[in-house]
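S.K.: So the protein sequences, as listed, match chains A and B.
Take the first sequence: its letter number 173 is residue 173 in full-length UniProt numbering, and every next letter is one higher.
Take the second sequence: its letter number 41 is residue 41 in full-length UniProt numbering, and every next letter is one higher.
C-beta: ideal position from N, C-alpha, C; glycine also.
Before anything else, here's the structure in question.
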Amino acid sequence: MRTHHGLYYDSRIKLLLILLTSALAFALGGGLTGLLLFGVVCLFSFLSGLWKTSIKFLTAYIALLMLAQILPIHLSSVITFFLLRILTIALALNILFQTTEIAELIASLQVSHIPQAIVIPIAIILRFLPSLKQDAIYIKQGMKTRGVGLSFWRVLSHPAQTYEGFLIPILMRLLMTATELSASAETRGISYPCKKTHYILVDFRLRDGLLLIGMLALFAVVIWTSFQPISLF
Amino acid sequence: MKKQIPIISFEHTSFQYEGQIQENLRDVNLTIKSGEFLVITGQSGCGKTTLTRCINNLIPRFFEGVLSGEVIVSGRSIKESDAGEAGKEIASIFQDPRSQFFTTNSSSEVAFACENYGIPHEEIVKRVDRAFQSLDMENLKDRDIFTLSSGERQKIAFLAATTLNPQIYVLDEPSANLDIHAILQMRKILSALKAAGHTIIVSEHRLFYLYGLADRFLIMKEGRICEELTGEEMAKLSASQMRSRRLRPLNLNTIQIEKIEPIGHSEVFLQIKNMSFSHKAMPELLHSISIEAHKGETIALVGENGCGKTTFGKILSGLIRCRQGGFFIDGKNVKQRKLSDYVYFVMQEADHQLYTDSVTEELRLGNKKIPGIDEKVSRILKMLHLENFKDCHPYALSGGQKQRLTIGAAMLSEKPIIVLDEPTSGLDWNNMYAVANAVNFLRKSGKVVFIITHDLEFISLTASRTLLLKEGIIKDDLQMTGKSTFKIVKDFMMKGGE
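Shown next, in the form of structure tokens:
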């Protein structure tokens, strides 16, 4: 059941958006180009109906950008070279995670003849994140009740201990979930050698085509600006 | 005479997992007939899960190890097959943890196996529709898996299994995370599958829902089948005969309540006033709850999966903030962010609460300033039968041992209030009994203990008082003084509070 009310479009476009964004965010310069790149991603986020998330990201981006103007150079460069770019990629990932059902993504990738060896890992990553997030919350609560919570001062005074205390349970849970999930998928024929069929039919419609062309055009503009001698501030 | 055909046979089967020092199955001989309903039970680590993994062919390809002897399922040796090949004939259903679901939508999940075996689209749509209709669960169609309760998720697992109409169903502790009402609903599904002639194999600790359903029970010990009883023979065993076999009861009516008297602190120690809670953009989960509690009480909190028991416990422990509510401990008003100084929360999954590299260190963590800590640690290790494992890594322990260790940490904590979230889910009788003893120790040492649980036997051994939670309010608050109150609790749990 879809809980968001945005434009519905092919999940392959979302994947392409992630690929292009992550490649360009670090390959191209920051400044105006970075801002435009973020703008493109943000536009798609709004189109997908993720109003709240988009506004949150937009606010964070602008706040960081302003902060970078007043902070000394070594701090502001962390923001412009790292944080802003990560934020852009995170927003692109977020579109896929929040608006795509796993079955739909698997179907669309299989239809495009992407090998199973690539489809399955992508599906699993998408499947894992919600459980990972849940585990992280529980572990944080568990540490708090043990009196070794992840408070600011504690992390600062016992970094190794808190790191170990948090990471080991997360990894153990991850291993366990991975084993159970794959055992369950095996018994239901995930690696059975035959042509896979689909419950949800995906087809690349005219709307998807137009959206794709629009997206590529916007990316072309972003790339073009990076070769122009325009500076933002 | 379909019933006479053997569909599964084990011949001198032994199996040892890779990297393990002991065999998990030892010289097992077993024949299962077509249409039979078989239950495998026994203590944790007895080999019952391993047996189910042989039947669904996860052994020997997925779980690797040394397999000797022979296992034939539907005419094929498991040495020449794999889980994917066998999956057309054999459906596997596991414990509820969300990890048995591959997709995030209930309809897609039900369709998943069909897609993998290449059934045409139109046929998949038909089968998915039929599955939801046949078990009268159309309200579960096209839902986000993460918003379903454990009981509903387990139903989806059954629906997903039925779409291929397999001959054999293999279930590994399917009831572990369900409330009694949901388990009884699962029983109905099993009953229908049995009536349709399917062969069903269940590995399980909790036996009550299999009463009158199972044709045969196998009791396993240390990798061997040590006793074999028909359903009728099993039903005739007395409560003490079940206990001497270390088995959970087959009939809930045989559970007798122990006399659990509160320790007689008369003054109110904990007071909660008008606690309300709702998740973001969701209807109210807890509605203006007020209770008072005394030292030396063990208060059981019961209600269906998803009714807000855990949320209640976490708010009380200061792990989640609630919108409104007052908390008074020992006469003092305590702010929500200070609650975690007074209340200790034992998580349901022990894995979420073990942070160090040895059992001893685990108990010392956060408690190093307590005077005489080393003696206390060794006393608790002894009490919980963990002294032989004191230098082990916590993650090398078995499930029951891990659970006891997290409770040990709670016993050492100096916080006066302890909340335990489903401390016996998935535990065998021995471990359940050990946990019950630990909880009784906490009560006797003058703490206020809350247990969130679906385990009637555990309640009978520990609770001095029970709160029945339904639709966000406390429907009833009962002192567990005798048979009549215990029956009210039992009926409430079986009917899901209707």
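Buried or exposed: where does I31/B fall if 16 or more other Cβ atoms within 10 Å of its Cβ makes it buried?
M.R.: As a working note, residue 31/B is residue 31 in the second sequence. Reading the sequence as shown, one finds Thr at residue 31/B and not Ile. The residue is exposed, with fewer than 16 neighbouring Cβ atoms inside 10 Å.
S.K.: Mapping the DSSP letters down to three states, classify M494/B as helix, strand or coil.
M.R.: As a first step, residue 494/B must be located in the second sequence, where it is residue number 494. Helix, per DSSP.
S.K.: How far does the beta strand (DSSP E) with residue 503/B in it extend, from its first residue to its last?
M.R.: Residue 503/B is absent from the model: chain B starts at 1 and stops at 498.
S.K.: Helix, strand or coil: which one does DSSP assign to A293/B?
M.R.: Position 293 of the second sequence, counted from the first residue, corresponds to residue 293/B. A293/B falls in the strand class under three-state DSSP.
S.K.: Mind checking if I55/A is an interface residue toward chain B, Cβ cutoff 8 Å exclusive?
M.R.: Residue numbering aside, residue 55/A sits at position 55 when the first sequence is read from its first letter. No, I55/A does not count as interfacial toward chain B.
S.K.: My understanding is that I90/B touches V170/B, with C-beta atoms under 8 Å, so please give their C-beta distance in whole angstroms.
M.R.: Taking the first residue of the second sequence as position 1, residue 90/B is located at position 90. Taking the first residue of the second sequence as position 1, residue 170/B is located at position 170. With 8 Å as the limit, I90/B and V170/B qualify as a contact, their Cβ atoms being about 6 Å apart.
S.K.: For Q69/A, return the contacting residues in chain B, with the cut-off set at a CB-CB distance below 8 Å.
M.R.: As a working mapping, residue 69/A is identified with position 69 in the first sequence. Chain B residues near Q69/A: none, gap ~34 Å exceeds 8 Å.
S.K.: So for Y8/A, helix, strand or coil by DSSP?
M.R.: Position 8 of the first sequence, counted from the first residue, corresponds to residue 8/A. Here Y8/A sits in coil by DSSP.
S.K.: Are the CB atoms of S99/B and L181/A nearer to each other than 8 Å?
M.R.: Translated into positions along the second sequence, residue 99/B becomes position 99. Translated into positions along the first sequence, residue 181/A becomes position 181. Taking 8 Å as the Cβ cut-off, S99/B and L181/A qualify as a contacting pair.
S.K.: Classify D455/B as buried or exposed, calling it buried when 16 or more other Cβ atoms lie within 10 Å of its own Cβ.
M.R.: Counted from its first residue, the second sequence places residue 455/B at position 455. With 16 or more other Cβ atoms within 10 Å, it is buried.
S.K.: How about L467/B and L301/B: are their beta carbons less than 8 Å apart?
M.R.: On the second sequence, position 467 is the one that residue 467/B refers to. On the second sequence, position 301 is the one that residue 301/B refers to. Cβ atoms of L467/B and L301/B: closer than 8 Å.
S.K.: Residues in its own chain within less than 6 Å of E64/B by CB, not counting five upstream and five downstream?
M.R.: Numbered from 1 along the second sequence, position 64 holds the residue referred to as residue 64/B. Cβ contact annotation for E64/B (same chain, cutoff 6 Å, sequence separation greater than five): E18, in chain order.
S.K.: What did DSSP end up calling G326/B once you bin it into helix, strand or coil?
M.R.: Numbered from its first residue, the second sequence carries residue 326/B at position 326. Correct three-state label for G326/B: strand.
S.K.: Just the Cα atoms here: how many angstroms apart are F219/A and E101/A?
M.R.: In the first sequence, the residue the question calls residue 219/A occupies position 219. In the first sequence, the residue the question calls residue 101/A occupies position 101. Looking at the two C-alpha atoms, the distance is approximately 26 Å.
S.K.: So what does DSSP say about Q20/B, is it helix, strand or coil?
M.R.: Residue 20/B sits at position 20 when you count from the first residue of the second sequence. Q20/B: coil per DSSP, three-state reduction.
S.K.: What do you reckon, are the CB atoms on P423/B and K447/B nearer than 8 Å?
M.R.: Start at 1 with the first residue of the second sequence, and residue 423/B comes out as number 423. Start at 1 with the first residue of the second sequence, and residue 447/B comes out as number 447. Not in contact: P423/B and K447/B (Cβ atoms no closer than 8 Å).
S.K.: Measuring alpha carbon to alpha carbon, tell me which of N251/B, K332/B, E173/B and Q479/B ends up nearest residue 500/B.
M.R.: Only positions 1 to 498 of chain B appear in this structure, which leaves residue 500/B out of reach.
S.K.: Give the residues of chain B in contact with A117/A, contact being defined as C-beta atoms less than 7 Å apart.
M.R.: Against the first sequence, residue 117/A aligns to sequence position 117. Under the 7 Å cutoff, chain B gives no residues; its nearest Cβ is about 15 Å from A117/A.
S.K.: Along the stretch 265-289 of chain B, what residues have a CB closer than 9 Å to any CB found in chain A?
M.R.: none
S.K.: Rounded to whole angstroms, what is the Cα-Cα separation between D203/A and H113/A?
M.R.: In the first sequence, the residue the question calls residue 203/A occupies position 203. In the first sequence, the residue the question calls residue 113/A occupies position 113. D203/A and H113/A: Cα-Cα distance of roughly 13 Å.
S.K.: Can you have a look at P6/B and say buried or exposed, based on whether 16 or more other CB atoms are within 10 angstroms of its CB?
M.R.: Here residue 6/B corresponds to residue number 6 of the second sequence, with the count starting at 1. P6/B comes out exposed.
S.K.: Any beta carbon of chain B sitting closer than 8 Å to that of P229/A?
M.R.: What you label residue 229/A is simply residue 229 of the first sequence in a count that begins at 1. By the rule that beta-carbons nearer than 8 Å mark a contact, P229/A does not touch chain B.
S.K.: I'd like to know if V148/A contacts chain D, where contact means its C-beta is closer than 8 Å to some C-beta of that chain.
M.R.: Annotation note: the requested chain D is absent from the structure, which comprises protein chains A and B.
S.K.: Measuring alpha carbon to alpha carbon, tell me which residue in C392/B, P394/B and S378/B is nearest L412/B.
M.R.: Sequence index remark: in the second sequence, residue 412/B carries index 412 (1-based). Of the candidates C392/B, P394/B and S378/B, the one whose C-alpha sits nearest the C-alpha of L412/B is S378/B.
S.K.: Spell out a yes or no on whether the stretch 272-282 of chain B and the stretch 319-334 of chain B are touching, meaning 3 or more CB-CB pairs, one atom from each, closer than 8 Å.
M.R.: yes
S.K.: Of all Cβ atoms in chain A, is any one closer than 8 Å to the Cβ of I32/B?
M.R.: Counted from its first residue, the second sequence places residue 32/B at position 32. No, I32/B lies away from the interface with chain A (no Cβ there is under 8 Å from its Cβ).
S.K.: With which residues is S9/B paired in a DSSP beta bridge?
M.R.: Start at 1 with the first residue of the second sequence, and residue 9/B comes out as number 9. Paired residue(s): T31/B and I72/B.
S.K.: Could you spell out the range, first to last residue, of the beta strand (DSSP E) harbouring S276/B?
M.R.: Reading the second sequence from its first residue, position 276 is the one you call residue 276/B. Segment L270 to F277, the beta strand (DSSP E) holding S276/B.
S.K.: Round the Cβ separation of G189/A and G84/B to the nearest angstrom and send it over; I've been treating them as touching at under 8 Å.
M.R.: For the purposes of this step, residue 189/A is taken as residue 189 along the first sequence, with counting starting at 1. For the purposes of this step, residue 84/B is taken as residue 84 along the second sequence, with counting starting at 1. 5 Å between Cβ atoms; contact.
S.K.: Could you check whether the Cβ of M1/A sits closer than 8 Å to any Cβ belonging to chain B?
M.R.: Along the first sequence, one-based indexing puts residue 1/A at 1. Here the model assigns M1/A a pLDDT of 38, short of 50, so the residue's position is not dependable, and the following value carries that caveat. Yes, its Cβ sits closer than 8 Å to a Cβ of chain B.
S.K.: Please report the residue range of the alpha helix (DSSP H) in which G482/B lies.
M.R.: What you label residue 482/B is simply residue 482 of the second sequence in a count that begins at 1. G482/B -> no alpha helix (DSSP H), and no H or E assigned at all.
S.K.: Since H352/B and P169/A are thought to touch, with beta carbons under 8 Å apart, how far apart are those beta carbons, to the nearest angstrom?
M.R.: The residue given as residue 352/B occupies position 352 in the second sequence. The residue given as residue 169/A occupies position 169 in the first sequence. The Cβ separation is near 6 Å, so the contact holds.
S.K.: Below 8 Å between beta carbons: does that hold for G151/B and E23/B?
M.R.: Residue mapping note: residue 151/B aligns to position 151 of the second sequence, counting from 1. Residue mapping note: residue 23/B aligns to position 23 of the second sequence, counting from 1. No, they are not a contact pair.
S.K.: Can you tell me whether T80/A is helix, strand or coil according to DSSP?
M.R.: Walking along the first sequence from the start, residue 80/A turns up at place 80. In the structure shown, T80/A sits in a helix (DSSP, three-state: H, G or I).
S.K.: Return helix, strand or coil for F57/A, following the three-state DSSP convention.
M.R.: In the first sequence, counting from the first residue as 1, residue 57/A sits at position 57. F57/A falls in the helix class under three-state DSSP.
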